[in-house]
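Report on the following structure.
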Amino acid sequence: MITSISFLALQQYWWLLVSVLGAILVFLMFVQGGQTFIFSMGKTELERSLLVNTLGRKWEFTFTTLVTFGGAFFASFPLFYSTSFGGAYWVWTLALLAFVVQAVAYEFRSKPSNVLGKKTFEVMLFLNGLLGTVLIGTAVGTFYNGANFSHDFLNHVDWHHPARGLEAVLNLHNVLLGLTVFLLSRVLGLLYFLNTIDHETIVQRSKKCLLYNAIPFVVAFLSFTIWLMLKPGFAVNPDTAQVYMQDYKYLINLIEMPVVLVMFLLGVVGVLFGIIRTLWPGKTYDKGIWFSGIGTFLTVLSLFLIAGYNNTAFYPSLVDINQSLTITNASSSMYTLKAMSVVSLLIPFVLAYIVVAWRSINKKKIDKSEIEDSTEHNY
Amino acid sequence: MMLLNVDPSLIDWSRAQFALTAMYHWIFVPITLGILFIIAIMESIYVKTGDPEWKRITKFWMKLFGINFAIGVATGIILEFEFGTNWSNYSWFVGDIFGAPLAIEGIMAFFMESTFIAIMFFGWNKVGKKFHLASTWLTAIGANLSALWILVANGWMQFPAGMEFNPLTARNEMVNFWDVFLSPVAINKFVHTISSGYIVASLFVVGVSSWFLLRKRETLLAKRSIVIAAVFGLVASASILFTGHGSAVQVAQKQPMKLAAMEGLYKGGERAEFIGIGALTRDKKVNDGKDAFAFKFAFDGMLSYLIAFDKNHYVPGIEDLVNGVPERGILSAQERIDRGKLAINSLRNYKQALKNGDAELAAAELKVFEENYQHFGYGYLEKPEDIVPHVPLVFYSFHTMIFLGGLFILMFAAFLWFTMRNKIETLRWRKPLFWLGVLGIPLGFIASEAGWIVVEVGRQPWVVQDLMPVSAAVTRISSASVQITFWVFAVIFTALLIAEVSIMTRQIKIGPKKGE
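Protein chains in written order, with this note's numbering: chain A, 279 to 657; chain B, 3 to 518.
This is how it looks when you write it as structure tokens:
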């Protein structure tokens, strides 16, 4: 079956997979968002422990998705991997550092003799939540706004800005995406707390915080999106492979790919419904995470798809527009994409066992008695 | 030439940063690889017998594993992305091959490991006994599968196979997945490396148990743990002997310079000797005529025999590989450098000719390129001596690894024998034995890290054998940037390691929970 598929179809398939991983990653960043509440919502020792432990059961999913997102990008679009990671050195290195400290913070935080002290590990969790989301969001912003790279005849990368990627913050549109991802992760984190923690004070605080975070999130998201729809984009002429600026490119992409447009609209509605339904007065609604989560997935997926599909350069070069990366010029060889496509058939099984594992651990909400149970593996 | 215009300190700092990350990562990974199986075996016994003591034992080791695991993950993510951040040219040159195992690793292995580890830690009171046991085994398998794919990728760098160079894209492209996956270098490397992890983990379990026996605490836990770990360690030792030999045979065929460095063999020949114990002459240089060894105890013809089962087998030395041995078909390094430069230049001319629409010139340049591609990486080198790795580091690391590997076999055998015969607590010289058990923990790490030094320093200057040296692979960035990140990583990793060791020793002192 796979043998008869065209090279372009394989490239599109892998762009879809990378986009799916990116979309799952942003949803799972509720862990990062949740971590940023560790001080503002965890006033007592028990409250902080509840927050840390409910997130601690999920941090590995986010982490693994990030690693796989990187691995899949390397495998399917190696020219992006070599260009962006090597070029935008400081952005990626700082983002990674934020994840290094996360992995140990959970395990070490409450262990005796941890040398650095509980507080230090809690600060690490906070920093991971803040920097991880803002930096990755800002870096992805360059998909729509371009970056300062060129290649030599061996396709080796040269970066033309001394800030090595950090200059992305000079573009307000990039920063808006970073802020949007950060605020979204906080909203999702709160919805996740409501879904998994059985503790009256935390539930009340989460609801209150939700309003204060949802409003700036919606403002940031709408500003980013409207700007994106109105700005010119990096279009590719499919016959000559020349890249040129086209007005309203991303809006045109949405209109020309109605399925993506529908996904995008459903996604936005889903995110908003999850938030509004939770904020609605009355009995506490704890399923908001699922609506907003699926909505996040659909929205992010469509944003990735309009960056790479429909003859668009997904990683534009500001130095030489014709060196911009597209899904055709940055991809792996046909053979490699085929071989990996066979492996990708395992993904449904992977998703299935993740669902089973998730449900078996989250059957019951986490509460005081579980935190105090010494037979449990608590952080 | 433009290509050689790379700041040497950039290369050194980039290598130092990768070595730092890899060596820290490798402190934690071997324990993870091995102890998960040891834990899975313990839990299997618990499920089978229902004996709560076995559950207590399982949970104790699982707790120690958790402390170790987190920091392994933390250093692992940096490694993955350092291929991009610090070795971006390499990432492009081999991305079509290297990326695939990495992606497969993510899809197949990492998710398996991280999903079931959550059940393993948090599921004791939430899922059934058998589901929990299955999760423990799946975590162990997932962790080891992760090692498989990254080692396949590393094996490919030592011995590129199953690919063709595409001059249009200037990269190697995979043409046969199975040649990459089933390369004898990759398979030997995988089995050898995970076996070393099993040994380190077994030493860890034996060492901690020895400490309990010294303190006369938790003796039942200690003895049961020793039996399982010692058997596991012995099986792994058999495997490591077998694949260690296999790896040496592969090195002899595919990386003769590395083999020569491992044995300090400057002048090769037939009946090459194997050094039992030796000290290298301190300021020995290639072609200086000095004796390579200040002192040695060697077995005549044994190196030839070990790699080809023939005492008269010819083994080239470091100087032979630098100077060339025409009658044996070994080109001199200078010749290969010249031909490598020819390859690089013809590739550039080929692409220029294509741009100018000169098909005839393009075809001619392509022909020159293809004839010389096997020397491509040599074109980046400046002088013949550049092909020689740091000999003392490789030589001493190799011999340390072998010596310790032998010691570990004796240790496992002694611990197993005396525990099975129920004499371990009454032996007259039990205290030295237990202290040796405790000492085994750091020795295991030393042996294992030494193994990686042999593999990675021994292949210098190559990132991809013969095709790409470190100078061509490195990201073009200011050396100062890499120095800053090096020190940031060094401080963070060291702080985390100190915290880890402190937490670990404290948890060992606290011991398993009572009456679980």
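Each residue gets a CB set at the ideal place from its N, CA and C atoms; glycine is no exception. On a predicted model such as this, the values are computed, not experimentally measured, just so you know.
Among the CB atoms of chain B, none fall inside 7 angstroms of the CB of A:W292.
Scanning chain B for C-beta atoms nearer than 7 angstroms to the C-beta of A:P390 yields R508, reported in chain order. Sequence-distant Cβ neighbours of B:N70 in its own chain, meaning closer than 6 angstroms and more than five residues away, are F30, I33.
Proximity of the segment 397-407 of chain B to the segment 452-462 of chain B meets the contact definition, three or more beta-carbon pairs being nearer than 8 angstroms. Within chain A, the C-beta atoms nearer than 8 angstroms to that of B:G101 come from G349, F352, A353, S354, P356, Y359, S610, T614, in chain order. Between the alpha carbons of B:E175 and B:G101 lies a distance of about 11 angstroms.
Contact of B:L184 with chain A is not assigned, every C-beta pair being separated by 7 angstroms or more.
Using a CB distance cut-off of 7 angstroms, B:F192 does not count as an interface residue toward chain A.
Chain B has a Cβ within less than 7 angstroms of the Cβ of A:V435. In this structure, A:F592 places its C-beta atom within 7 angstroms of the C-beta atom of A:F421.
Distance from the CA atom of B:R508 to the CA atom of A:P390, rounded to whole angstroms, is 7 angstroms.
Per DSSP, A:Y522 is one residue of the beta strand (DSSP E) stretching across 521-524. Taking 7 angstroms as the cut-off, the beta carbon of B:P258 is found no closer than this to the beta carbon of B:V466. Look at B:G278 here: in three-state DSSP terms it is strand. Looking only at B:A203, B:F123, B:S198, B:G164, the smallest Cα-Cα distance to B:L184 is reached by B:G164. Against chain A, the CB of B:I73 has a partner CB under 7 angstroms away; the residue lies at that interface.
Take A:F341, set aside five residues on each side of it, and the residues of its chain with a beta-carbon closer than 8 angstroms to its own are F377, Q380, A381, in chain order. Closer than 7 angstroms to the CB of A:G467 there is not a single CB belonging to chain B. The criterion of a C-beta distance shorter than 7 angstroms is not satisfied by A:E534 and A:N589. Inter-residue distance for A:N331 and B:V129 is about 18 angstroms (C-alpha atoms, whole angstroms).
Judged by pairs of C-beta atoms under 8 angstroms, the segment 427-444 of chain B does not touch the segment 399-419 of chain A, as fewer than three such pairs exist. With contacts defined by Cβ atoms closer than 7 angstroms, A:I316 and A:L329 form a contacting pair.
With the rule of 3 Cβ pairs closer than 8 angstroms, the segment 86-96 of chain B does not count as touching the segment 38-51 of chain B.
For B:T60, none of the residues of chain A pass the 7 angstroms Cβ criterion, the least Cβ distance being about 12 angstroms. Taking the Cα positions, B:L150 is about 42 angstroms away from A:P536. For the 7 angstroms CB-CB criterion, B:I143 and B:S197 do not form a contact.
Under the Cβ distance rule, A:V549 does not count among the residues neighbouring chain B, no pair being separated by less than 7 angstroms. Under the three-state reduction of DSSP output, B:K191 falls in the helix class.
Judged by their CB atoms, B:I277 and B:A254 are not nearer to each other than the 7 angstroms cut-off. Spanning the alpha carbons of A:L500 and A:A492 requires a straight line of approximately 12 angstroms. The Cβ neighbour count for A:P594, taken over all protein chains shown within 10 Å, is at least 16; the residue is labelled buried. Not flagged as an interface residue toward chain B: A:F582, since no C-beta distance is shorter than 7 angstroms. Listed in chain order, the alpha helix (DSSP H) runs fully inside the segment 337-382 of chain B are 361-374, counting runs of at least 4 residues. Listed along the chain, the chain B residues whose CB falls inside 8 angstroms of the CB of A:F341 are V75, I79, S116. For A:I605, not one C-beta of chain B is nearer than 7 angstroms to its own C-beta. At least 7 angstroms separates the CB of A:Y657 from every CB of chain B.
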